[in-house]
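Numbering (this note's numbering), first residue to last: 196 to 298. The beta-carbon is built from N, C-alpha and C at its ideal position, and this holds for glycine as well. In this text, all values refer to a predicted model and were calculated from it rather than measured experimentally. Structure first, commentary second.
Quick look at the structure:
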């Protein structure tokens, strides 16, 4: 149930924005580590864009399809990445999740 909610939260992240494991964890009332484990099981990364989830300190973190692919997807969304970090992080981090949803 939480995994599906996690995936639905991913779809709320607008193009050109990222969020953090911590932000999703707060929305789900769980830990950032648990969010990472849920995202690692994502079988539909094109439908549920887990590449938009990064670490709280702007490091891009991992990705099931590889870090190079994560960077490629982020850049395609217009997000600048330099030395493994998101540039202008505070300006593009998304925090306004709608948590009242039905599955």
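Under the 10 Å beta carbon count, residue 253 is surrounded by 16 or more other beta carbons and is classified as buried. Counting along the chain, residue 230 sits inside the alpha helix (DSSP H) bounded by residues 227-235. Rounded to whole angstroms, the Cβ separation of residue 198 and residue 221 is 17 Å, and the two are not in contact under 8 Å. In the structure shown, the three-state DSSP call for residue 198 is helix. Each residue's CA atom was taken as its position, placing residue 218 and residue 290 some 6 Å apart.
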